[in-house]
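Residue numbers (my numbering): 481 to 709.
Ideal placement from N, C-alpha and C gives every residue a C-beta, glycine not left out.
Bear in mind that the values here come from a model prediction, so they are computed numbers and not experimental data.
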Ligand code: APR
């Protein structure tokens, strides 16, 4: 029986592309934790600050390139008929590396949506409270199309179906601090799948994995995929 693979990635896979992670020592922005900025409440109380946070991260993407870990996952996907890549990341490095079977459970930095009519569109630059929705014509409601704390992650039914059927679950570059992603390993263990953590250091859920390999994703992910294929 061929392997049914589910891979979960977090900010650690993009660290080797120069994008800051959330919880590493420097994971603060203007002295605030992500939990204080990436929320509907913050967008109501200080929309300009939230726009600054996402505009600066969106512009950073122009200088970031996919790394060997992103590329290794593309090779793995090509060689594996039953493969699903789930990312918590809102950057576009997986797409730019060539991943196709990809789900952004926390949304995408390079898309924006209207709070009033839900219209969403690509955006590579900056938006503000002055940005007008091209569909409903209202201003002040355009926001990043990312999932904020307190909002429902995307594609959850499809993801849990895939976890219930998988034979191998690999978690890459995530600290295991944020649910529901941190609970994916438990779903995979319940189905008897092989579970592997590839991370710079043990995550908070490392003990739930059958195997843990520690190191930089750009080094350990290509090595793992090569051994697997
Ligand atoms: N290679 C592999 N792993 C790395 C590297 C690297 N070069 N650098 C850092 N890491 C690991 C860290 O050890 C840490 O465990 O990546 C993990 C990053 O953890 P977080 O910063 O918490 O990021 P993540 O787990 O993706 O956060 C989950 O929280 O803030 C919310 O919505 C946001 O999607 C995000 C979610």
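Query: Over what stretch of residues does the beta strand (DSSP E) that includes residue 601 continue unbroken?; Result: 600-602
Query: Using 8 Å as the threshold, is the C-beta distance between residue 646 and residue 661 below it?; Result: no
Query: The ligand APR and residue 537: does any heavy atom of the ligand fall closer than 7 Å to the residue's C-beta?; Result: no
Query: Which same chain residues end up closer than 6 Å to residue 549 when comparing Cβ atoms and leaving out the 5 residues on each side of it in sequence?; Result: 493, 697, 698 and 701
Query: Let me have the residue list for the ligand APR: C-beta closer than 6 Å to any non-hydrogen atom, ordered along the chain.; Result: 490, 491, 492, 495, 496, 501, 502, 503, 504, 507, 514, 568, 586, 653, 654, 655, 657, 658, 679, 680, 681, 683, 696 and 697
Query: Count the C-beta pairs between the stretch 612-623 and the stretch 635-642 that are closer than 8 Å, then say yes if the count reaches three, no if not.; Result: no
Query: Under 8 Å between the Cβ atoms of residue 684 and residue 656?; Result: yes
Query: How do the stretch 516-525 and the stretch 544-564 stand: do at least 3 beta-carbon pairs fall below 8 Å, yes or no?; Result: no
Query: Considering only residues of the stretch 539-595, which uninterrupted alpha helix (DSSP H) runs meet the minimum length of 4 residues and lie entirely inside it, listed in chain order?; Result: 548-559 and 573-577
Query: Looking only at its chain, what residues have a beta carbon closer than 6 Å to the beta carbon of residue 490, apart from the 5 residues adjacent to it on each side?; Result: 568, 653 and 654
Query: If residue 711 and residue 640 are in contact, beta carbons under 8 Å, what's the gap, nearest whole angstrom?; Result: Here the chain comprises residues numbered 481 to 709, so residue 711 is not present and cannot be evaluated.
Query: Please classify residue 514: does DSSP put it in a helix, a strand, or coil?; Result: helix
Query: Do you know how far the Cα of residue 706 is from the Cα of residue 621?; Result: 46 Å
Query: Grouping DSSP H, G and I as helix and E and B as strand, with all else coil, what is residue 690?; Result: coil
Query: Taking the beta strand (DSSP E) that residue 669 falls in, what are its first and last residues?; Result: Unbroken run through residue 669 is the alpha helix (DSSP H), 664-670; no beta strand (DSSP E).
Query: Grab the span of the beta strand (DSSP E) containing residue 607 for me, first residue to last.; Result: Unbroken run through residue 607: none, as it is neither H nor E.
Query: Would you check if the distance between the CB atom of residue 592 and the CB atom of residue 624 is smaller than 8 Å?; Result: yes
Query: Indicate whether residue 609 and residue 531 have their beta-carbon atoms separated by less than 8 Å.; Result: yes
Query: Looking at the unbroken beta strand (DSSP E) that takes in residue 622, where does it start and where does it end?; Result: 622-626
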